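In what follows, a single structure is set out as structure tokens and then discussed.
Residue numbers (the UniProt record's numbering): 1 to 236.
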């Protein structure tokens with residue numbers, strides 16, 4: 001569970017976020033919508049503590065992480081998986097090596113530099129790839145995968161990290177409708193099966209209906225309202 005209260009952030013002299021508040025519970029998918037430049041990505045980065053909010057508080061499973069620093073912040077971040085819009089994969093590395101990137105907090109530096117991965121971590125990464133449907137693509141270079149497959153690798157990396165909170169930035173904006181539907185189905189399944197708290201930014205209304213339990217609109221830096229979703233929404 002992640003709770004943000006009154007998050008504010010100014011970038012380049014512009015107030016991008018003004019008192020933005022959101023709660024995402026375990027097993028819940030909350031969609032964050034709004035026009036480009038409304039601050040959706042900035043909010044995700046603040047929640048992951050990759051950007052320091054100017055004001056407000058962030059709680060992770062009941063622990064206030066707003067002012068954590070050093071090793072305490074390092075440990076807290078392990079519980080937050082951030083899936084980037086452009087996947088953020090190392091293109092020349094295999095799918096498996098990219099997923100093992102989610103295990104960096106657990107692996108000694110010398111093993112990372114030599115790519116001498118511990119067997120247990122390899123097993124975790126392989127299981128994550130299998131869960132997203134890419135078991136047979138483990139050895140394939142990231143730059144030879146389709147956009148949908150690269151998105152699955154990015155999600156698998158968050159699974160391998162052991163995160164309980166997933167912050168997902170525009171996961172389907174560049175995908176065709178069929179591939180987008182399969183990615184949204186995967187996100188919905190992971191929230192239900194594993195109890196992830198998921199906050200996902202989306203543009204298309206049909207995508208919101210497919211995946212979200214709730215939808216919030218970010219406008220002028222404030223989460224202004226809760227958007228109604230039709231009864232019986234689903235991923236058919």
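Where is the CB? At the ideal position from N, CA and C, for every residue including glycine. As the structure is a computational prediction, the values presented were derived from the model and not from experiment.
DSSP three-state label for residue i, please.
i	result
residue 140	coil
residue 64	strand
residue 199	strand
residue 71	helix
residue 5	strand
residue 126	helix
residue 211	helix
residue 217	strand
residue 131	helix
residue 89	coil
residue 115	coil
residue 226	strand
residue 235	Any answer about residue 235 is weak, because its pLDDT of 45 lies below 50 and its placement is not dependable; what the coordinates show is given next. Correct three-state label for residue 235: coil.
Quick one: is residue i buried, meaning 16 or more other Cβ sit within 10 Å of its Cβ, or exposed?
i	result
residue 170	buried
residue 322	The requested residue 322 does not occur in the structure, where the chain is confined to residues 1 to 236.
residue 82	buried
residue 157	buried
residue 220	exposed
residue 40	buried
residue 37	exposed
residue 86	exposed
residue 63	exposed
residue 195	exposed
residue 98	buried
residue 102	buried
residue 90	exposed
residue 13	exposed
I'd like the list of long-range same chain contacts for residue i, defined as Cβ closer than 8 Å, with 5 residues on each side in sequence excluded.
i	result
residue 48	77, 80, 82, 167
residue 84	154, 169
residue 192	27
residue 54	8, 9, 10
residue 73	49, 65
residue 20	4, 6, 7, 8, 39, 43, 56, 218, 221, 222, 223
Quick one: residues in its chain with C-beta nearer than 7 Å to the C-beta of residue i, no 5 flanking neighbours on either side, listed in chain order?
i	result
residue 95	129, 134, 137, 138, 140, 142, 145, 153
residue 16	9, 10, 39, 42, 221
residue 56	4, 5, 6, 7, 8
residue 184	172, 207, 210, 211, 235
residue 23	3
residue 34	40, 217, 218, 219
residue 68	76
residue 106	121
Quick check on the DSSP output: the beta strand (DSSP E) that includes residue i runs from which residue to which?
i	result
residue 99	That residue, residue 99, is in no beta strand (DSSP E); its alpha helix (DSSP H) goes 95-100.
residue 49	Note, residue 49: premise wrong, no beta strand (DSSP E); not H, not E.
residue 80	80-83
Residues in the same chain with beta-carbon distance under 6 Å from residue i, minus the five sequence neighbours each way, listed in chain order, please.
i	result
residue 61	1
residue 125	96, 99, 100, 160
residue 232	With a pLDDT of 47 at residue 232, under the threshold of 50, the modelled position of that residue is not reliable, and no figure is offered here.
Checklist entry - Taking only runs of the beta strand (DSSP E) that begin and end inside the region 10-43, which ones reach a length of at least 3 residues, in chain order? => result 14-24, 29-33
Checklist entry - Can you give, in chain order, each stretch of the alpha helix (DSSP H) that sits fully within the region 146-195 and has at least 4 residues? => result 147-161, 177-194
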